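Structure record follows, encoded as structure tokens.
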Amino acid sequence: MRIKDVAKKYDISVFTVYKWLRKDDLSAKPRKGSTKLKEEKKLVQILEKSPRDFGLNYDFWTSKLIAHILEKEFGIKYNPRSLSPVLKKLGFKYKKGKRTYERDEKTVEGWVKEQGEKLLKK
Numbered sequence: 001m002r003i004k005d006v007a008k009k010y011d012i013s014v015f016t017v018y019k020w021l022r023k024d025d026l027s028a029k030p031r032k033g034s035t036k037l038k039e040e041k042k043l044v045q046i047l048e049k050s051p052r053d054f055g056l057n058y059d060f061w062t063s064k065l066i067a068h069i070l071e072k073e074f075g076i077k078y079n080p081r082s083l084s085p086v087l088k089k090l091g092f093k094y095k096k097g098k099r100t101y102e103r104d105e106k107t108v109e110g111w112v113k114e115q116g117e118k119l120l121k122k
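For the record, in the sequence shown the residue sitting at position 114 is 114 according to the UniProt record's numbering, with numbers rising by one throughout.
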């Protein structure tokens with residue numbers, strides 16, 4: 001049955017019929033913005049690596065970086081703000097780093113030696 005016929009049968013406007021269709025999501029079109037299983041797998045592949053593996057000079061992931069890599073590597077466009085619910089759905093959580101007040105001198109010396117050599121080479 002056509003939209004026009006439904007409106008006539010129930011004595012309502014065509015606009016109202018369209019409004020009902022939208023409200024009850026009776027359209028046959030898939031919704032935009034929902035992640036597909038393939039995209040979720042690609043997202044997990046990214047997060048299992050470090051940003052440095054993708055040539056970025058960062059030690060941890062941000063939504064902006066993830067969106068950038070998704071577009072660069074896979075051609076999938078995401079607004080960084082819309083990634084949070086997807087990441088949560090996949091079991092990832094945002095954790096802010098905590099400052100360490102006790103130093104492990106061996107670790108610090110090793111880092112300084114390693115980073116110092118890299119800096120001197122440049």
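Don't be surprised by glycine CBs; every beta carbon is placed ideally from N, CA and C. All values reported here derive from a predicted model rather than from experimental measurement.
- Note on L21: under 16 other CB atoms within 10 angstroms of its CB, so exposed under the neighbour-count rule.
- For the region 32-63, the full-length alpha helix (DSSP H) segments reaching 4 residues or more read 37-47 along the chain.
- In this structure W61 is buried. Its beta-carbon is surrounded by 16 or more other beta-carbon atoms within 10 angstroms.
- About 7 Å separates the beta carbon of I46 from that of L70, a gap short enough to meet the 8 Å contact definition.
- A direct Cα-to-Cα measurement between Y18 and I3 gives close to 8 Å.
- Note on I12: under 16 other CB atoms within 10 angstroms of its CB, so exposed under the neighbour-count rule.
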